[in-house]
Amino acid sequence: MYIVIAEDETDYEAVKVFIERIAPKKVSVDGCGFDGCGDLVNQGARVLNTLAKKEVNKFVIVHDCDGHAADNRRQLVIDKIVKRVTAKGNFCLLIPKEELEAWFFADISCVTKIWSGWRVDKDIDKKYPSPENVIKPKELIKKLSVDQSLKPRFSTNKNKLLAQHVDLGKIEKKCPSFLPLKRFVVEGLSNYPEDIGAAA
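Everything in the sequence shown is counted per our numbering, starting at 12 for the first residue and increasing by one.
What follows is the structure, encoded as structure tokens:
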């Protein structure tokens, strides 16, 4: 059982899809998104303890950096959430460098699979060789999605759809902050306290 918590529901839904796509066999994923960082760090441990089952749990905590140092965000998650979890389980601390939406820039042309009218440059993926360095990726996707009527096609409630269509191989290659999730799901490797080995 994977239990995922994130700053908002759209991040939770995207990571749930990623886990389901990465997993070599069908897996169960539960969890929720919160109303921002404050709610996540204040209520996250309680939710993990509540949703935890008697069998081995695999906890995934998602917290964007939002311009802060990744190490500081990681420590915040450890101090405010991980150390308060009393249920048994292994952890994957997922800390996207800026925002989770940056991962979509690894294969931004995938938007055409969702919005057929969204035309992108043939070489658009080459414009973002390091997606995690994109500043405010959420806002940039929205800006790029503006159609002829000046209305944006993209909103974060489409993250789940993008997660279903984006090329995971490209994310893995271009986005180091995605790798802990891949290792956790495929190899059972936790990244807390460090890479301590296989999660049963």
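Just so it is clear, CB atoms sit at the ideal spot from N, CA and C, and this is done for glycine as well.
Quiz item: Does the region 123–135 come close enough to the region 26–41 to have 3 or more Cβ pairs within less than 8 Å?
Solution: no
Quiz item: F45: which of E66, Y203, H74 sits nearest, CA to CA?
Solution: H74
Exercise. To the nearest angstrom, report how far apart N170 and A25 are at their CA atoms.
Key: 6 Å
Practice problem: Closer than 7 Å by C-beta to N60: which residues in its own chain qualify, once you throw out the five before and the five after it? Chain order, please. | Solution: V96, T97, A98
Practice problem: Measure the Cβ-Cβ separation of V5 and A113 and say whether it is below 8 Å. | Solution: Any answer about residue 5 is impossible in this case: the structure gives the chain only from 12 up to 211.
Quiz item: Measuring CA to CA, which of E66, G49, Y23, L62 is closest to C43?
Solution: Y23
Quiz item: Roughly how many angstroms lie between the CA atoms of N53 and A63, to the nearest whole one?
Solution: 18 Å
Self-check item: Cut-off 8 Å between Cβ atoms - residues of its own chain near E66, not counting five sequence neighbours on either side
Solution: M12
Quiz item: According to the Cβ coordinates, are K149 and E110 closer than 8 Å?
Solution: yes
Practice problem: Please look up how many angstroms separate the CB atoms of K69 and F189, rounded, as I've assumed it's under 8 Å. | Solution: At roughly 17 Å, the Cβ-Cβ gap does not stay under 8 Å, so K69 and F189 are not in contact.
Quiz item: Rounded to a whole number of angstroms, what is the C-alpha to C-alpha distance between V38 and L105?
Solution: 19 Å
Self-check item: Same chain only: Cβ atoms within 6 Å of F29, ignoring 5 sequence neighbours per side
Solution: A174
Quiz prompt | Nearest to G199 (by Cα), restricted to the options V93, I14, V40, N101 | solution = N101
Exercise. Could you spell out where the beta strand (DSSP E) holding D41 opens and where it closes?
Key: 40–44
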